[in-house]
Structure formats: C-alpha cells, structure tokens
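**Student:** Numbering of the sequence shown is given in the working numbering, commencing with residue 27 and proceeding in unit increments. The beta carbon of each residue, even a glycine, is placed where N, CA and C say it ideally should be. Remember, predicted model here, so these are calculated numbers, not experimental data.
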Amino acid sequence: MKHLKIGKTESYFLEKLQRGEKLHLLLLDPEEVSPEKAAELAKLGEDAGSDGIMIGGSTFFSQSLLDNFVKEIKQKISIPVIIFPNNITSITKYADAIWFMSMLNSIDHYFIVGAQSQGAVLVKQYGLEAIPMGYIVFGGDTAVAAVGRALPLPPDRGEVAACYALAAQYLGMRFVYLEAGSGAKQPLPPSTIKAVRKAIEVPLIVGGGIRSPEAAVAVLEAGADIIVTGTIAEQDFDLCRRIISAIKGFSKSYKQ
Ligand code: 1GP
C-alpha cells in the first residue's frame with residue numbers, strides 16, 4: 027500500500043494556516059466574466075494578497091470553455107487555481123487542484139457522491155490534485171441550493187451545521203466549507219460559524235454574501251480560516267482589495 031501524499035496546493039494552504047495566517051480565495055465564475063476579464067481580476071487578486079483563485083459557478087457546464095478560461099488565468103498569475111466544481115463538466119487539466127467536494131446536505135445522491143464517482147477517473151488521468159472537502163449549503167434562495175438540490179440548513183441554527191461538519195471531518199474530509207450562496211443577502215451569522223468551529227479541527231472555509239472588510243473580520247473572529255469572495259470582485263475591485271487587506275491584517279494581529 028502506498029502512503030497518500032498531501033499535494034502541493036493543499037500543503038501551501040496548510041503551511042500558511044499553521045503559521046497563523048488567514049486565507050482569502052477569490053472566486054471567478056465563467057458565467058459572469060470573460061476569460062480576459064477573469065485573468066485581469068485574478069492578477070489584481072494576486073497583487074492584493076489573495077492566496078488562490080477558485081473557478082466555479084452553479085450554472086456553467088462547458089468543459090472546453092472552462093479549459094480556455096483557466097488557461098487564460100494561469101498565464102497571468104502564480105498563485106494556485108482551484109476548481110470549485112458544480113458537475114463533471116468542471117474538470118480541467120489546466121488547474122492546479124480541484125476541491126473534491128460533496129454537498130453533504132443535498133437530497134440527491136448525485137451531488138453527494140454520484141458526480142464524484144463519475145469524475146474521479148478523469149481527475150486521476152489529468153493528474154489533478156484532489157482536495158477532499160465537505161460542502162454545506164445554507165438558505166434556500168440561491169442558485170447553489172436550487173442546482174444542488176440542497177435541503178438548505180437554517181443559517182442561524184449552528185448546532186445543525188456543526189453535526190454535518192463533524193460528520194465531514196470523521197468521514198476524512200480535510201476542509202469544511204460553509205456556503206451562504208453566491209450573492210447571498212447576508213453572510214452567515216457569527217454564532218453559526220462559532221458553533222462549527224467549536225465542533226471541528228479541520229480548516230473552515232466560509233463564503234457567500236461577504237461584501238465588506240467588517241463582515242470579513244466578523245467571519246474570521248467567529249473562527250473561519252479561509253474566506254471566499256466572488257461577487258464583490260466583479261462589482262467593485264477596490265472594495266475587494268480592502269476585504270483582502272482586512273483578512274491579511276487580521277492574520278497579523280491574530281499571530282501576535
Ligand atoms: C460562492 O461563497 C462563494 O460560492 C462566494 O459568494 O459571490 O457572495 O462572494 P459571493
């Protein structure tokens with residue numbers, strides 16, 4: 027039996043986290059921005075201190091367009107590009123890694139393990155680094171909840187989310203992602219993030235509806251390790267830059 031190795035992208039994240047740094051991942055949606063615009067935003071993100079670029083969106087299903095999108099971005103940046111898949115069409119060999127994720131609170135087997143079993147061989151053939159992640163979706167009025175057939179968790183019942191998160195950890199998932207949904211009206215409440223943080227030891231990713239430095243800091247104070255922002259980068263990059271700066275500033279104060 028061979029020993030499973032942690033890949034390059036995951037090691038890069040873990041080393042930063044172990045040093046007490048909080049991470050920012052910039053989400054770019056091929057449905058919302060052109061490849062050229064995405065490459066420009068990715069470069070701005072890297073220059074602002076972002077730790078990686080995530081590529082994904084709930085309603086994008088073309089592998090050839092995705093290949094082109096990722097290739098364009100990779101030419102401009104050196105931080106890792108991680109696929110944030112919505113289906114088996116989200117597998118591209120041009121990325122550095124893929125969140126190998128399961129939507130734990132979907133009511134559909136397809137989004138829990140079906141698509142994953144169909145995509146796994148291709149991930150291996152492409153030599154993509156697979157990072158196991160448990161994905162938990164809140165609220166019912168977002169694209170991700172509809173497409174993934176989620177039984178959305180109530181945003182303010184942290185104890186329910188904590189049960190899913192702990193199950194993810196015990197199933198061997200190395201990251202847990204709490205998702206309010208892209209463009210959510212509000213970020214998740216700190217009490218829910220705190221309840222999950224208390225339950226698990228693996229790194230905690232939080233995203234959806236984070237649109238100000240204050241909101242990002244509140245999410246970090248509640249115990250998140252990694253913050254994902256998408257919409258705000260497309261709408262107002264200066265604000266996104268201030269969010270990244272707040273995250274990096276928080277890392278510094280946290281380490282002291
Ligand atoms: C969506 O959590 C991410 O998967 C980002 O959400 O677009 O609201 O920043 P926003």
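By DSSP, does Val-147 sit in helix, in strand, or in coil?
**Tutor:** In the sequence shown, counting from the first residue as 1, residue 147 sits at position 121. Helix.
**Student:** May I ask whether a heavy atom of ligand 1 can be found less than 7 Å away from the beta carbon of Leu-265?
**Tutor:** Against the sequence shown, residue 265 aligns to sequence position 239. Because no heavy atom of ligand 1 lies under 7 Å away, the Cβ of Leu-265 does not count as near it: no.
**Student:** What does the alpha-carbon distance come out to for the pair Tyr-38 and Met-159?
**Tutor:** Your numbering for residue 38 matches position 12 in the sequence shown. Your numbering for residue 159 matches position 133 in the sequence shown. When rounded, the distance between both Cα atoms is 16 Å.
**Student:** Quick check: Gln-233 and Ala-206, are their CB atoms within less than 8 Å of each other?
**Tutor:** Translated into the one-based positions of the sequence shown, residue 233 becomes position 207. Translated into the one-based positions of the sequence shown, residue 206 becomes position 180. The amino acid at residue 233 is misidentified as Gln; the sequence shows Gly. Result yes, Cβ atoms of Gly-233 and Ala-206 sit closer than 8 Å.
**Student:** If you run the structure through DSSP and keep just helix, strand and coil, what is His-50?
**Tutor:** As a first step, residue 50 must be located in the sequence shown, where it is residue number 24. Strand at His-50.
**Student:** Measure how close the beta-carbons of Ile-81 and Ala-121 come, nearest whole angstrom, since I'm counting them as under 8 Å.
**Tutor:** Indexing the sequence shown from 1 puts residue 81 at position 55. Indexing the sequence shown from 1 puts residue 121 at position 95. Contact flag correct, Cβ pair sits at about 7 Å.
**Student:** By Cβ distance, which residues of its chain are closer than 7 Å to Gly-145, with the 5 residues on each side in sequence left out?
**Tutor:** Position 119 of the sequence shown, counted from the start, is the residue given in the question as residue 145. Excluding residues within five positions, the ones whose Cβ falls inside 7 Å are Ile-114, Ile-117.
**Student:** Can the beta-carbon of Gly-83 be found closer than 8 Å to that of Glu-62?
**Tutor:** Residue numbering aside, residue 83 sits at position 57 when the sequence shown is read from its first letter. Residue numbering aside, residue 62 sits at position 36 when the sequence shown is read from its first letter. Against a cut-off of 8 Å, the Cβ pair of Glu-62 and Gly-83 comes out as no contact.
**Student:** Looking only at its chain, what residues have a beta carbon closer than 8 Å to the beta carbon of Val-245, apart from the 5 residues adjacent to it on each side?
**Tutor:** Here residue 245 corresponds to residue number 219 of the sequence shown, with the count starting at 1. Hits under 8 Å: Pro-213, Leu-214, Pro-216, Ile-219, Val-232, Ile-236, Ile-253.
**Student:** Determine the burial state of Ala-223: buried for a count of at least 16 other Cβ atoms within 10 Å of its Cβ, exposed for fewer.
**Tutor:** In the sequence shown, counting from the first residue as 1, residue 223 sits at position 197. Reading the sequence as shown, one finds Arg at residue 223 and not Ala. Buried.
**Student:** Can you tell me where the beta strand (DSSP E) with Leu-160 in it begins and where it stops?
**Tutor:** Residue numbering aside, residue 160 sits at position 134 when the sequence shown is read from its first letter. It is worth fixing the name first, because residue 160 is Gly in this sequence and not Leu. Where Gly-160 is concerned, the enclosing beta strand (DSSP E) stretches over 155 to 163.
**Student:** On the DSSP letters alone, give me the boundaries of the alpha helix (DSSP H) that Ala-244 sits inside.
**Tutor:** Within the sequence shown, the letter at position 218 stands for residue 244. Segment 239 to 247, the alpha helix (DSSP H) holding Ala-244.
**Student:** By the three-class DSSP mapping on this structure, what secondary structure does Thr-255 have?
**Tutor:** Locating residue 255 in the sequence shown gives position 229, counting from the first residue. DSSP places Thr-255 in strand when its eight states are reduced to three.
**Student:** Grouping DSSP H, G and I as helix and E and B as strand, with all else coil, what is Glu-205?
**Tutor:** Start at 1 with the first residue of the sequence shown, and residue 205 comes out as number 179. Residue state, collapsed to three classes: strand.
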